[in-house]
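Peer 1: Going left to right, the sequence shown walks through residues 6 to 324 as the working numbering numbers them. After the structure tokens below, expect a handful of questions from me.
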Amino acid sequence: MNEAFLAAREAIFNARTIAIAAHENPDGDAYGSILGLGLALEAAGKSCDLLADERFPHFSYIPGFSQLQSVDEARRYDLVIRVDLGDVRRMGRGSDVFLTARKTLNFDHHMENAHDSDILIHEPTASSTCEILARFLLDTGFDVPPAAATALYAGLTTDSNRFLYDTADAGTLRTAADLIDHGADKQYVYLYEYQREDPKLMAFEGDVVRGATFLQDGKVIVANLTHERVAATGYTMPEVEGVVSKLLTLAGVEVAVILKEQEPERQKISFRSKSTYDVQKLAKSLGGGGHQKAAGASLDMTNDEAWPYLISILEGLSL
Numbered sequence: 006m007n008e009a010f011l012a013a014r015e016a017i018f019n020a021r022t023i024a025i026a027a028h029e030n031p032d033g034d035a036y037g038s039i040l041g042l043g044l045a046l047e048a049a050g051k052s053c054d055l056l057a058d059e060r061f062p063h064f065s066y067i068p069g070f071s072q073l074q075s076v077d078e079a080r081r082y083d084l085v086i087r088v089d090l091g092d093v094r095r096m097g098r099g100s101d102v103f104l105t106a107r108k109t110l111n112f113d114h115h116m117e118n119a120h121d122s123d124i125l126i127h128e129p130t131a132s133s134t135c136e137i138l139a140r141f142l143l144d145t146g147f148d149v150p151p152a153a154a155t156a157l158y159a160g161l162t163t164d165s166n167r168f169l170y171d172t173a174d175a176g177t178l179r180t181a182a183d184l185i186d187h188g189a190d191k192q193y194v195y196l197y198e199y200q201r202e203d204p205k206l207m208a209f210e211g212d213v214v215r216g217a218t219f220l221q222d223g224k225v226i227v228a229n230l231t232h233e234r235v236a237a238t239g240y241t242m243p244e245v246e247g248v249v250s251k252l253l254t255l256a257g258v259e260v261a262v263i264l265k266e267q268e269p270e271r272q273k274i275s276f277r278s279k280s281t282y283d284v285q286k287l288a289k290s291l292g293g294g295g296h297q298k299a300a301g302a303s304l305d306m307t308n309d310e311a312w313p314y315l316i317s318i319l320e321g322l323s324l
């Protein structure tokens with residue numbers, strides 16, 4: 006059996022106090038990882054604090070969501086489990102409890118990992134962290150109750166784009182089938198994740214598409230989401246940034262990009278690739294990282310400065 010899996014299992018059962026936390030601006034894989042692992046450990050008799058300062062309503066359907074709690078920076082834990090990220094700096098306030106824990110454990114599927122935990126389970130070819138966690142729990146003999154299986158299935162499904170991304174291989178589908186065998190409700194996930202689009206949000210996404218800039222003979226599309234533009238919709242930036250995936254679906258587009266204003270002098274960029282272009286390398290050149298077809302980076306400059314800078318970089322891509 007995987008030695009890292011065995012070490013992780015031992016650390017979990019030796020810990021009296023456990024916290025599970027993911028990255029800032031959590032997505033389905035982050036929430037699914039926290040909740041799926043947490044519910045499974047609770048079924049094994051462990052008491053866990055499931056930490057997330059940001060609780061986005063869209064993901065409230067995931068089982069256990071109401072158990073999420075804010076980080077208490079003064080709390081000390083025997084074990085802190087970091088899921089779905091490879092760098093403590095992206096944990097937000099969760100970094101405080103991670104850095105002061107007696108022992109740390111990291112489950113991650115991103116290309117770049119800081120190797121800064123006591124036990125690391127890092128599988129960059131996996132479709133999602135939920136896939137890794139499902140295999141860990143099932144292979145090491147944990148009971149995975151239906152609620153935990155559904156949470157893990159939600160994260161696996163969203164991060165693989167319903168098994169359409171290249172990272173979703175035969176092993177991913179087998180893991181999904183195992184979760185269904187353990188009670189994962191795939192119809193429930195499909196209904197709440199993909200069948201309740203907000204008409205206002207769809208209209209906003211249409212406006213973004215209409216106002217986007219096409220480069221490289223239509224192979225690259227880029228949009229700018231400022232605080233002012235997003236605030237006018239009544240949404241938050243995390244609620245609208247999924248528009249980058251909609252941009253990628255347009256005919257002829259190979260690379261989709263959105264610039265997202267975070268603070269007056271800090272911008273984030275999301276990159277998506279449709280076929281062969283490696284946006285992870287592009288993000289890495291800007292100090293970021295991610296996967297071949299989905300990556301991100303940050304720029305410490307104003308939005309007015311970042312926009313022409315980003316345009317110049319995209320105009321120079323060799324596609």
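Glycine included, every Cβ here is placed at the ideal spot set by N, Cα and C.
Nearest-angstrom Cα distance between residue 64 and residue 323?
Peer 2: 37 Å
Peer 1: Check the C-beta distance from residue 99 over to residue 56 and give it rounded, since I have them as a contact under 8 Å.
Peer 2: 6 Å
Peer 1: First and last residue of the beta strand (DSSP E) that includes residue 264?
Peer 2: 260 to 268
Peer 1: Within the continuous beta strand (DSSP E) that includes residue 108, where are the two ends?
Peer 2: 108 to 113
Peer 1: Please state the DSSP three-state secondary structure of residue 297.
Peer 2: coil
Peer 1: Which runs of the beta strand (DSSP E), 3 residues or longer, sit entirely within the region 67 to 152?
Peer 2: The region 67 to 152 contains these whole beta strand (DSSP E) runs: 84 to 88, 108 to 113 and 124 to 127.
Peer 1: Note the first and the last residue of the continuous alpha helix (DSSP H) segment covering residue 279.
Peer 2: Run containing residue 279: none; DSSP gives neither H nor E here.
Peer 1: Within a Cβ cutoff of 7 Å, which residues of the same chain sit near residue 302, ignoring the five residues on either side of it in sequence?
Peer 2: 274, 288, 291, 292 and 293
Peer 1: Run through the DSSP bridge pairs and tell me what residue 219 is partnered with.
Peer 2: 226
Peer 1: Check whether the Cβ atoms of residue 261 and residue 250 lie closer than 9 Å to each other.
Peer 2: yes
Peer 1: Please work out which residues of its chain come closer than 6 Å, Cβ to Cβ, to residue 233, disregarding the five sequence neighbours upstream and downstream, and give them in chain order.
Peer 2: So the list is empty, once near-sequence residues are dropped.
Peer 1: Could you give the DSSP three-state label for residue 49: helix, strand or coil?
Peer 2: coil
Peer 1: Do the CB positions of residue 243 and residue 30 come within less than 9 Å of each other?
Peer 2: Closer than 9 Å, so yes.
Peer 1: For residue 54, name the three-state secondary structure that DSSP assigns.
Peer 2: strand
Peer 1: What residue range does the beta strand (DSSP E) around residue 26 cover?
Peer 2: Bounds of the beta strand (DSSP E) holding residue 26 are 23 to 26.
Peer 1: Going by DSSP in three states, residue 60 sits in which element: helix, strand or coil?
Peer 2: coil
Peer 1: Use the C-beta contact count for residue 120: other C-beta atoms within 10 angstroms, 16 or more gives buried, fewer gives exposed.
Peer 2: exposed
Peer 1: Give the range of the alpha helix (DSSP H) segment to which residue 5 is assigned.
Peer 2: This structure cannot speak to residue 5, because the chain is shown only from 6 to 324.
Peer 1: Measuring straight from C-alpha to C-alpha, what distance separates residue 222 and residue 140?
Peer 2: 43 Å
Peer 1: Along the chain, where does the alpha helix (DSSP H) that runs through residue 311 open and close?
Peer 2: 308 to 320
Peer 1: Start and end of the alpha helix (DSSP H) containing residue 323?
Peer 2: From DSSP, residue 323 is part of no alpha helix (DSSP H); its letter is neither H nor E.
Peer 1: Indicate whether residue 36 and residue 131 have their beta-carbon atoms separated by less than 9 Å.
Peer 2: no
Peer 1: Hey, is the region 133 to 150 in contact with the region 183 to 200, meaning 3+ C-beta pairs nearer than 8 Å?
Peer 2: The answer is yes - the region 183 to 200 touches the region 133 to 150, with three or more Cβ pairs under 8 Å.
Peer 1: According to DSSP, residue 272 sits in a beta bridge with which residue or residues?
Peer 2: 266 and 304
Peer 1: Nearest-angstrom Cα distance between residue 220 and residue 10?
Peer 2: For residue 220 and residue 10, the distance between alpha carbons rounds to 46 Å.
Peer 1: Enumerate in chain order the residues of its own chain whose CB-to-CB distance from residue 41 is below 7 Å, with the five nearest sequence positions on each side excluded.
Peer 2: 135, 138, 153, 156, 157 and 160
Peer 1: What three-state label does DSSP hand residue 243 in the structure shown?
Peer 2: The answer is helix: DSSP assigns residue 243 an H, G or I state.
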